[in-house]
Structures are given as structure tokens and as C-alpha cells.
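Read through the structure below, which is laid out as C-alpha cells, and then see the notes.
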Amino acid sequence: MNPFAATSLNEAFRQEKAYAIKTMLFVALLTLCYLSFELAFNARLLDVVGGGASQDDVHQIEISGRLLSGCAVALVVLQQLLMRRKSWLKIVLACAITIAVVYVSLQSFVNYVVDHSTLEFRRQALNVTLIQKAVVDRRVQLEGVDEDPGLFSRPEGKAFLAMFSFMAASVDKLDQKIAHAKLQLLASHVGKQAGGIQGYYDNYRTAIQEVTKKWQDYQKVGNVHIDVEAETNKRHNTAWNQYLGDLGKRGWTPSTVPVQYHDQVRRKVRKNGAPVSNQWALNDEAGFRAAIAQQVRRKSNGAKPEVKVRGQRIPFGLSLPAFIAHPALQAELREKLRLPSSVSVPHNIDKAGFQKIFDAMRLDQAAKEARKYTAPLETFAPGGSNFQLGEDATRAALVPPIALFFSMLGAMGHLGKLVFVISKITLLAFTRAPAQAADMPAPARRDGLLPKFRLLMLIPVVLVAMLWQVLGNMDNAVTQSSLYQSLTKDSLARWQAAEESSTWNVLRAHAIVNAVHVVSVGQSYAYPYNEALRVHVLRGISFGYQPETH
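Reading the sequence shown from the start, the letters are residues 4 to 553 in my numbering.
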């Protein structure tokens, strides 16, 4: 045995062990940092998808989600490259590429899921998102859910709303089952968009003020008196000076224009507004003025100025109420206030009368909007009139549960990875150089010096599986509700009854329902801690989303 070789190998072992422990401590700290942001993001994401946020809000926070997912995968790449002692340039480049690839891949995955949804699902999603918004706004109470007014402001309620669109969109003939309530839901939504009855009243007063201004202008026009002499003098002076100026540009005066150009000059004079005859002498200013005077009289004699609205002449002398009651003005007001043709807009109105106008607007607009919810399936196909509407609704139904699922899975996976790293650090700390190190040729490969602890790789898998199993067997107020049970039962029944149903599709359906259950329950327990982490530790980081304050 060579004592020098043994000493060299023992020293190499100690160096490799120290480097491995430092590297994994560094990775553990980065993982803790990542988990802090991931869990905080998870809480914010639940606020977005379960709080009736707009599609733009969802899109903005999705960007943060994809970046965090990219960072999650980049952490794994970072650890592997550090253990292989790659240069920092290669490490940074590899991590940046990883983040970009994951970001684009997740975006492509979501687009693929949305693009490959069925036409029926798209129409269903349109109906479901309508109900979801109504539930968030507390304009409707879902039958079969505990009638707790604060349920949907709590984590389990938010998680349920996030999954509701996806679950309910799979219910057979959903549009028919909610037909009786659809018009009222749409009318309520239209009223909210108009700012409620007060906001709509403000619009009404603005429209009346605009019409009043038109009436004031209309009165001024009716009172105009045209002075023929003054108008003739004004037009004569302007036109004659222009005539002299045009001749002067060519070095002529009215008396020196060559005979062959007389007709050309007369045509130019007529074009400029003085209707002289073909026999008019070019130096006859009195005849020039007489031609203009005749034109002014012809336009003013017996004629009165007029006001037209939408091509209809409004007779003069109307009072303000009569002016507003004119059909042309009524049509203009109905267009601005989105009212049906059967409604008349009065000048003044009491509270009860205005409520009728507000209701007429809501029901008329709701009836127009409702046609989209029962439109033929082919209108939701590419190129169809409702294609974009259906695609947006499908994205609103599918993206929230997908985002929540990946966020929760990423958090659990890296929690398991953190336990794995800490366990490996602990085992390495108590590991001594192998007895056969003295017999190894020098210099030995680094990979042969440290134990692999391959079984530790099972820790993240086992931890996630155990946590998943526990959550899958737990319940909360929502998952125990008859509505939740009905939705999952209907969804499973529909997938199993599908023509293309197979063992694989049935298993996939059960897996999806199980994932929905785990996310719903898991979020209800994790949200309070995640939100506290976001608010108190990360100083209220918003991830680009600021909820509306009511």
C-alpha cells in the first residue's frame, strides 16, 4: 500500500465532500428563496382566478407563473452543473435557456389545450363563465352549496370558483339547464357594466344635456335674419378683389384682357362664385355685383334656415320637450342609452319611471347577448362569428385550474427536493472516506469518491405521493357540498358515456377529478400561510395583480 497515495485520496475526498456540502447548502438556500416566491404567488393566483378577475389580470399573473416554473426547473439544472463544476458562464447560460424553454413550453401547452377543446365545450364554457362571474359578484346563489355569504371569500370558496368553470363546462346540456336563469344573469351583468342604476342615470343626464345644447343651437339658427344687402356687399368685395388679383398675376386689367381669353376669364369668375353671364363685359363691376346680388336673393327669398337630425328636418318653434320628443332625437337618445325602439326617452322623469327605462335597457341588451350563448356550434369554429368569444371563454375556464395545478405541484415537488438536499447534506456530513480509498489509483475520479445515496431520490416522489394521497382523502365545506358531488358525478358520467370512451379515457377522467379535489382541498389549507408569507415576508408583492377595492 502506498501511504502517499492514500493520503492524497483522503485529501481529495475531504475536498470533494466540502465542495458538495457547500454546493447543496447554496442550492437549499436558493430553493427556500424560490419556495417563498412560489407559495406567495400561489396565494395571489388564487385571489386572481377565484376572485372574478378579468382575462387581462389572469394573463398578467400567468407571466409570473411561467417565469417561476422556469426558475423551478432551472434550479435542478443549476444543481447538476454545480456538482459537475461547470463554469459560471455555462451555468448562467444553461439556466437562462432553461427558463426560456419552460416559459415557452407552458405557454404552448396551454394554447394546445385551448385550441383542441371541442366546439361544445367552448359554448359550455361561455355559459359557465357567466355563472361564475355572477357568483363572484354575489348576484346569484348556487344551489347545493352551503348558504354561507362569506364562503366564496374564503380559501376553499376561491379554490372552488377557480375549478368551477372547468368542472361545470363538462356537464351535459348545461346551457339548457341554466336557460331559465340566463337572461336574468345577463341582465344583471349588463346593469353592473352600466354602473348600476346611478351610473346609467348619469349617462341619461349627459345625453339629455347634449340634446339640450343642440336645442339651444337650433333656436339660434331659427332666429337668424339674412341681410341681403350686407351679404351682397361682403361677397362682392371678396370676389371682385380676387378677380382683379387673378388678372394681375398675368399682367392684365379688366380692360386689357385679350379677346381670345374673355370666355376663359368668365368661366374662372363663375367658378369662384360670381354667376356672371356669357355676355358680361370684363370691366363691368356693376354687372358683377348684380350677379352676386341675384344669387344671394335667390337663396334667401322665401327660404328659412333649417336644422336636420339623422336626415330629418326639424321644424322651428319647438319647445325643449317637443324637440326631445321628435322621432329623430328619440332615435339618437335610444342609441346612446342602448334602448329598444319601443321605449320613449322623456325630458324629465321620476325615480319609478327611470327604473322602468333601466330595466328595459338591461333586458333588451341581455336578450341580444343571450343569442351568443345558444348559437349553433359551427359559429364557435375557426372563422365563425363566435370563435373568439368561445376561445376566450375556454381559456378562462381551463387556464385557472391548470395554473393552480402546476403551481401547487411545483411547490410540493420543490418542498420534497429541499428535504432531499437537507438529507443528503446530513448524510454527507457524517460520511467518512471509503476504506478502499487507499487502493484507488491516483488521481481518482471525483464521482468515485463520494457516495451517491441514490435512494434519497425517492424522497421527493414519496413526499409528493403521500401529500397527494392525504389531500385526496380530505374534505372541506365545498367538496362535501351536494353541488360539488353533482358536478364531479356528471363530469365522470359524461366522459364514460362518450363514444370514444376507453379504459385510458376513463382513468384520465378519474385522474382529472382527483386533481381537482386535491387542488381544492390543498388550497384551502395552504392559502392562509401562503398569503401571510406574501404580505409579511415579501412585503405584499403583487405579481402584477391589484384587486379592485369596493
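Where is the CB? At the ideal position from N, CA and C, for every residue including glycine.
In this text the structure is predicted, and so the values were computed from the model without any measurement.
Of the residues 332, 48 and 397, the one placed nearest residue 115, counting alpha carbons only: By 1-based counting over the sequence shown, the position of residue 115 is 112. Taking residue 115 as reference, the option from 332, 48 and 397 with the minimal CA-CA separation is 397.
* Leaving out five residues before and five after residue 474 in sequence, what residues of the same chain have Cβ atoms less than 7 Å from its Cβ? -> Against the sequence shown, residue 474 aligns to sequence position 471. 521, 524 and 525, listed in sequence order.
Query - Cα-Cα separation between residue 326 and residue 198, rounded to whole angstroms - result: Locating residue 326 in the sequence shown gives position 323, counting from the first residue. Locating residue 198 in the sequence shown gives position 195, counting from the first residue. Spanning the two alpha carbons is a distance of roughly 28 Å.
| request: Could you please give the first and the last residue of the uninterrupted beta strand (DSSP E) stretch that includes residue 252? | output: One-based indexing of the sequence shown puts residue 252 at position 249. Careful: residue 252 lies outside any beta strand (DSSP E) and carries neither H nor E.
Beta-bridge pairing of residue 312 - partner residues as DSSP gives them
Counted from its first residue, the sequence shown places residue 312 at position 309. According to DSSP, which records beta bridges pairwise, residue 312 is partnered with 315.
query = When the Cα atoms are used, what is the spatial distance from residue 464 to residue 386?
reply = Here the question's residue 464 lines up with position 461 in the sequence shown. Here the question's residue 386 lines up with position 383 in the sequence shown. Each residue's Cα considered, the two are about 45 Å apart.
Counting pairs of beta carbons, one from the region 278–298 and one from the region 233–251, are three or more of them closer than 8 Å? At 8 Å Cβ cutoff, the stretches touch.
### Message
Output needed for residue 39: all residues of its chain with C-beta closer than 7 Å, excluding positions within five of it in sequence on either side, in chain order.
### Response
Along the sequence shown, read from residue 1 onward, the residue named residue 39 stands at position 36. Correct list, in chain order: 536, 540 and 541.
Q.
Between which residues of its own chain and residue 359 is the CB-CB distance below 6 Å, once the five residues before and five after are set aside?
A. Counted from its first residue, the sequence shown places residue 359 at position 356. Correct list: empty, nothing qualifies.
7 Å Cβ shell around residue 343 - same chain, five flanking residues per side excluded: The residue you call residue 343 lines up with position 340 of the sequence shown. Excluding its 5 nearest sequence neighbours in each direction, residue 343 has C-beta neighbours in its own chain below 7 Å: 363 and 367, listed in chain order.
(Q) For residue 313 and residue 132, I'd like the C-alpha separation in whole angstroms. (A) Position 310 of the sequence shown, counting from 1, holds the residue named residue 313. Position 129 of the sequence shown, counting from 1, holds the residue named residue 132. Separation of residue 313 and residue 132 (C-alpha to C-alpha, rounded to the nearest whole angstrom) is 39 Å.
*asked:* What ranges does the alpha helix (DSSP H) occupy inside the region 459–539, keeping only unbroken runs of at least 4 residues that lie completely in it?
replied: 461–475, 485–500 and 506–535
* Nearest to residue 331 by alpha carbon, out of 413, 424, 217 and 427? -> Taking the first residue of the sequence shown as 1, we reach residue 331 at position 328. It is 217 whose Cα lies nearest to the Cα of residue 331.
Practice prompt. Measure the C-alpha to C-alpha separation of residue 215 and residue 208 and round it to an integer number of angstroms.
Written response: Taking the sequence shown and counting its residues from 1, the one referred to as residue 215 is at position 212. Taking the sequence shown and counting its residues from 1, the one referred to as residue 208 is at position 205. Each residue's Cα considered, the two are about 10 Å apart.
Which same chain residues, not among the five before or five after residue 421, have their C-beta less than 8 Å away from its C-beta?
Your numbering for residue 421 matches position 418 in the sequence shown. Close CB contacts of residue 421 within its chain, under the 8 Å cut and outside five residues either way in sequence, are with 31, 34, 35 and 38 (chain order).
Starting from the C-beta of residue 460, find all residues in its chain whose C-beta is less than 8 Å away, skip the five residues before and the five after it, and write them out in chain order.
As a first step, residue 460 is located in the sequence shown; it is residue number 457 there, counting from the start. Here the set comprises 423.
- prompt: Roughly how many whole angstroms lie between the Cα atoms of residue 26 and residue 425?
  reply: As a first step, residue 26 must be located in the sequence shown, where it is residue number 23. As a first step, residue 425 must be located in the sequence shown, where it is residue number 422. C-alpha separation (whole angstroms): 12 Å.
Looking at residue 189 and residue 373, is the spacing between their C-beta atoms short of 7 Å?
Start at 1 with the first residue of the sequence shown, and residue 373 comes out as number 370. Start at 1 with the first residue of the sequence shown, and residue 189 comes out as number 186. In this structure, residue 373 lies near residue 189, with their beta-carbon atoms less than 7 Å apart.
| 8 Å Cβ shell around residue 166 - same chain, five flanking residues per side excluded | Counted from its first residue, the sequence shown places residue 166 at position 163. Shown here for residue 166: same chain residues with a beta carbon closer than 8 Å to its own, the five before and five after excluded, namely 403, 404, 407, 519, 522 and 523 in chain order.
* Option in 431, 492 and 511 with minimal Cα separation from residue 22 -> Your numbering for residue 22 matches position 19 in the sequence shown. Ranking 431, 492 and 511 by Cα distance to residue 22 puts 431 first.
Exercise. Under the rule that 16 or more other beta-carbon atoms within 10 Å means buried, what is residue 161, buried or exposed?
Worked result: Within the sequence shown, the letter at position 158 stands for residue 161. With 16 or more other Cβ atoms within 10 Å, it is buried.
Q. For residue 351, does the count of other Cβ atoms within 10 angstroms reach 16, so buried, or fall short, so exposed?
A. Position 348 of the sequence shown, counting from 1, holds the residue named residue 351. Exposed.
Q. Based on Cα-Cα distance, which residue from 29, 42, 223 and 15 lies nearest to residue 530?
A. The sequence position of residue 530 within the sequence shown is 527, counting from 1. Nearest of 29, 42, 223 and 15 to residue 530, Cα basis: 42.
| said: Could you compute how far the alpha carbon of residue 419 sits from the alpha carbon of residue 413? | reply: Within the sequence shown, numbered from 1, the residue matching residue 419 stands at position 416. Within the sequence shown, numbered from 1, the residue matching residue 413 stands at position 410. Going from the Cα of residue 419 to the Cα of residue 413 covers about 10 Å.
Output the distance between the C-alpha atoms of residue 300 and residue 345, rounded to the nearest integer angstrom. Residue mapping note: residue 300 aligns to position 297 of the sequence shown, counting from 1. Residue mapping note: residue 345 aligns to position 342 of the sequence shown, counting from 1. Taking the straight line from one Cα to the other gives about 45 Å.
| said: What would DSSP say about residue 377, mapped onto helix, strand or coil? | reply: As a first step, residue 377 must be located in the sequence shown, where it is residue number 374. Correct three-state label for residue 377: coil.
**Asked** For the putative contact between residue 49 and residue 158, defined by C-beta atoms under 8 Å, what is the C-beta separation to the nearest angstrom?
**Response** Locating residue 49 in the sequence shown gives position 46, where the first residue counts as 1. Locating residue 158 in the sequence shown gives position 155, where the first residue counts as 1. 7 Å between Cβ atoms; contact.
For residue 427, name the three-state secondary structure that DSSP assigns.
In the sequence shown, the residue the question calls residue 427 occupies position 424. It is helical.
* Asked: With distances taken between CB atoms, is the gap from residue 606 to residue 85 smaller than 7 Å?
  -> Outside the modelled stretch of the chain, which goes from 4 to 553, sits residue 606, for which no answer is possible.
Can you say whether residue 337 is buried or exposed, counting buried as having 16 or more other CB atoms within 10 angstroms of its CB? Against the sequence shown, residue 337 aligns to sequence position 334. It is buried - the Cβ of residue 337 has at least 16 other Cβ atoms within 10 Å.
Since residue 101 is in the alpha helix (DSSP H), which residue starts that stretch and which ends it?
Mapped onto the sequence shown, residue 101 falls at position 98. From DSSP, the alpha helix (DSSP H) with residue 101 extends over 91–118.
- prompt: So what does DSSP say about residue 21, is it helix, strand or coil?
  reply: Here residue 21 corresponds to residue number 18 of the sequence shown, with the count starting at 1. Residue 21 falls in the helix class under three-state DSSP.
(Q) Starting from residue 273, trace the alpha helix (DSSP H) in both directions and tell me its first and last residue. (A) Here residue 273 refers to the residue found at position 270 of the sequence shown. From DSSP, the alpha helix (DSSP H) with residue 273 extends over 265–274.
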